[in-house]
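2 protein chains.
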Amino acid sequence: MSNWIAVDWGTSNLRVWLVGNDGTILDNRSSDRGMGSLAPEDFEGVLVELVADWLGEGVTEAVACGMIGARQGWVEAPYAAVPCRPSQNQSIDAPCADPRLSVRILPGLSQTTPAPDVMRGEETQVAGFLAANPRFDGVVCLPGTHTKWVQVSAKEVVGFQTYMTGEMFALLSKQSVLRHSLGGKEWDQAAFIEALDDMLSHPAGLGTQLFKLRAAELLLGQASGIARAKLSGMLIGLELAGARSFWLGQNIALIGDAALCKNYAVALEHQGVPTRIVDATEMTLAGLTAAYLHNKDACHEP
Amino acid sequence: MSNWIAVDWGTSNLRVWLVGNDGTILDNRSSDRGMGSLAPEDFEGVLVELVADWLGEGVTEAVACGMIGARQGWVEAPYAAVPCRPSQNQSIDAPCADPRLSVRILPGLSQTTPAPDVMRGEETQVAGFLAANPRFDGVVCLPGTHTKWVQVSAKEVVGFQTYMTGEMFALLSKQSVLRHSLGGKEWDQAAFIEALDDMLSHPAGLGTQLFKLRAAELLLGQASGIARAKLSGMLIGLELAGARSFWLGQNIALIGDAALCKNYAVALEHQGVPTRIVDATEMTLAGLTAAYLHNKDACHEP
């Protein structure tokens with residue numbers, strides 16, 4: 001066993017780690033050349049350029065997760081259907097002309113019942129979490145642009161549900177009429193909790209609560225830090241109202257951006273649900289490692 | 303009394319009509335120079351250019367409604383507080399160097415209880431509707447980017463509520479990840495009704511229903527006409543769930559874009575609520591006329 005390369009290639013970013021044969025991280029780099037801005041024929045060149053000096057005489061293996069495996073990515077890695085163990089799904093070889101590199105792409109997960117849903121990238125973070133917590137039985141929540149709630153049992157992903165909460169917050173706070181009323185970075189925690197409680201108990205109110213953020217600024221001079229926290233509280237509140245079956249009476253592990261996870265932790269703890277926050281980058285690396293090792297073991301089977 | 307000019311000046315567009323002293327429309331024009339793209343010093347020039355050949359020896363009066371009276375407009379026309387008669391509020395003279403033109407801007411409406419809310423432009427359409435239907439007692443709904451539900455009684459606007467339904471539809475269908483799954487113009491009416499019913503009975507489901515539009519296309523090849531109609535049904539359904547106190551057991555008059563009003567009419571009639579659709583442009587003109595005539599009468603009072 002020699003060094004290998006862990007690759008997290010999403011829509012907006014590319015991150016790579018050089019991993020030694022004992023699991024030590026020897027080096028890491030990142031680039032803004034996400035798959036969203038690249039054509040299929042670009043992928044190999046971008047990756048080779050970023051890791052050129054990590055390549056040696058023989059073939060270096062790379063294991064990649066994320067949107068790179070989507071239909072518009074390097075090569076499509078068809079979704080693995082749940083229930084399944086997220087580190088043990090069939091990876092796909094990416095076409096690679098450079099003889100120094102062999103690239104495998106991990107598939108995302110799909111679900112058809114009770115409702116159609118998909119993920120790409122988060123399954124690898126769940127795999128990493130399960131590598132460190134093999135006996136975990138509960139729910140992993142991955143807050144982000146598209147927040148995922150993932151039911152885990154007996155090392156398998158049993159089911160999941162996606163919420164566009166992060167994307168809605170970005171669109172409403174940056175591109176809607178509300179942008180005038182919630183610029184800046186201020187944050188009023190009491191307003192966050194109030195909006196959260198309000199939406200949890202009355203989710204139908206979302207439509208009218210949104211415009212109130214604008215009207216309250218125009219008429220009452222409401223501060224942007226209040227409006228900003230209220231919008232976040234409303235959208236997370238609506239999400240929690242919808243995802244109740246995922247968190248009620250559960251253990252929740254949160255994986256994602258630290259500040260965003262903290263908001264979810266506060267929101268859930270306010271409902272009496274205990275949470276723990278787990279580092280997202282560590283989980284991605286642990287998941288890529290689990291997939292790499294699983295494949296190694298599989299190749300050595302008699 | 304001589305000719306006068308009716309002006310509807312919104313964020314994106316400017317429309318003007320030359321009105322004869324008997325109320326006949328003698329001419330009309332429009333321009334894409336909405337207030338959103340203009341600085342305060344531009345307004346007079348833009349209007350004079352558009353109506354130059356309508357101006358004569360004496361002073362021609364113009365009456366304007368819409369976002370032109372916002373803080374970022376020509377001159378701020380402070381909101382009139384409800385309850386009030388929407389055609390009888392104090393207008394503001396816009397600063398005008400050209401001696402041939404005198405411009406008055408109608409104020410929008412504001413409400414502080416039960417919740418802060420504002421409107422600019424729709425109050426003039428409501429005024430026009432009341433000029434034609436002085437005994438109307440019920441609710442006027444004005445679907446649009448920001449849909450307004452307006453409670454009317456004894457010729458007054460008693461209260462109102464704003465929903466960002468149109469803006470949410472535009473953001474989600476054109477700028478979110480859902481844009482990949484609902485392009486085109488197709489429309490599946492059964493899917494609209496199904497999503498509407500679903501959201502009315504379970505508004506907390508909005509968060510997860512949204513991403514399902516994407517997943518159902520990826521996994522099941524759901525047609526864009528179904529996804530498009532479902533998104534509209536969901537958002538109008540969420541609005542109806544929140545605005546229930548405005549439509550339950552009421553007479554509803556719908557004023558706005560004809561195709562959009564038809565969706566609201568179908569949705570409301572599906573809940574057993576009778577509606578009628580009223581032409582938006584006619585109501586704007588009738589409202590500007592009512593305000594013009596009210597001012598004339600007021601000036602002639604002893």
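Just so you know, the sequences run in chain order V and P. Here our numbering is used: the first residue of the first sequence is 1, the next is one more, and so on. Here our numbering is used: the first residue of the second sequence is 303, the next is one more, and so on. The beta carbon of each residue, even a glycine, is placed where N, CA and C say it ideally should be. Computed from a predicted model, the values in this text were never measured in an experiment.
- Between P:Leu-473 and V:Leu-171, the gap from beta carbon to beta carbon is short of 8 Å.
- Taking 8 Å as the CB threshold, V:Ala-191 stays off the interface with chain P.
- Ranked by Cα distance from P:Gly-325, the first of P:Ile-394, P:Ala-600, P:Thr-591 is P:Thr-591.
- A direct Cα-to-Cα measurement between P:Ile-327 and P:Pro-436 gives close to 23 Å.
- Counting along the chain, the unbroken alpha helix (DSSP H) around P:Lys-532 starts and ends at 526-544.
- The DSSP assignment places complete alpha helix (DSSP H) segments of no fewer than 4 residues inside the region 402-436 of chain P at 424-434, in order along the chain.
- Under the three-state reduction of DSSP, V:Thr-165 is assigned to helix.
- Chain-ordered listing is empty here: chain P has no CB closer than 7 Å to the CB of V:Tyr-264, the nearest sitting near 13 Å.
- Collapsing the DSSP output to three states places V:Glu-186 in coil.
- Cβ-Cβ distances below 6 Å link P:Val-361 to Ser-404 in the same chain, with the five nearest sequence neighbours on each side left out; the list follows chain order.
- Scanning chain V for C-beta atoms nearer than 7 Å to the C-beta of P:Leu-520 yields Val-118, reported in chain order.
- With 16 or more other Cβ atoms from the protein chains shown falling within 10 Å of its own Cβ, P:Asp-490 counts as buried.
- In the DSSP assignment, P:Lys-450 falls within the beta strand (DSSP E) that extends over 449-455.
- P:Gly-358 counts as exposed, since fewer than 16 other C-beta atoms from the protein chains shown sit within 10 angstroms of its C-beta.
- A Cβ-Cβ contact shorter than 8 Å links P:Ala-569 with P:Ile-538.
- One Cα belongs to P:Gly-440, the other to P:Val-460, and the distance between them is close to 10 Å.
- The beta carbon of V:Ser-87 sits closer than 6 Å to those of Ala-127, Ala-290, Ala-291, His-294, all from its chain and outside the five residues before and after it, given in chain order.
- Here V:Ala-80 carries a strand assignment [DSSP, helix/strand/coil].
- The beta-carbon of P:Ser-478 is placed less than 8 Å from the nearest beta-carbon of chain V.
- With 16 or more other CB atoms across the displayed protein chains lying within 10 angstroms of its CB, V:Asp-8 is buried.
- Around the CB of P:Asp-599, fewer than 16 other CB atoms lie within 10 Å, so the residue is classed as exposed.
- Contact holds between the region 339-351 of chain P and the region 395-402 of chain P, because three or more Cβ pairs, one in each stretch, are under 8 Å apart.
- In this structure, the CA atom of V:Arg-29 is about 20 Å from the CA atom of V:Leu-106.
- Scanning V:Pro-78, V:Gln-90, V:Ala-52 for the CA closest to the CA of V:Gln-111 turns up V:Pro-78.
- For P:Arg-335, the CB contacts under 6 Å within the same chain, skipping 5 residues up- and downstream, are Leu-316, Val-348 in chain order.
- Taking 8 Å as the threshold, the shortest C-beta distance from P:Thr-415 to chain V does not fall below it.
- A straight line joining the alpha-carbon of V:Asn-21 with that of V:Ala-64 spans about 17 Å.
- Nearest CB-CB separation between P:Ala-506 and chain V: below the 8 Å threshold.
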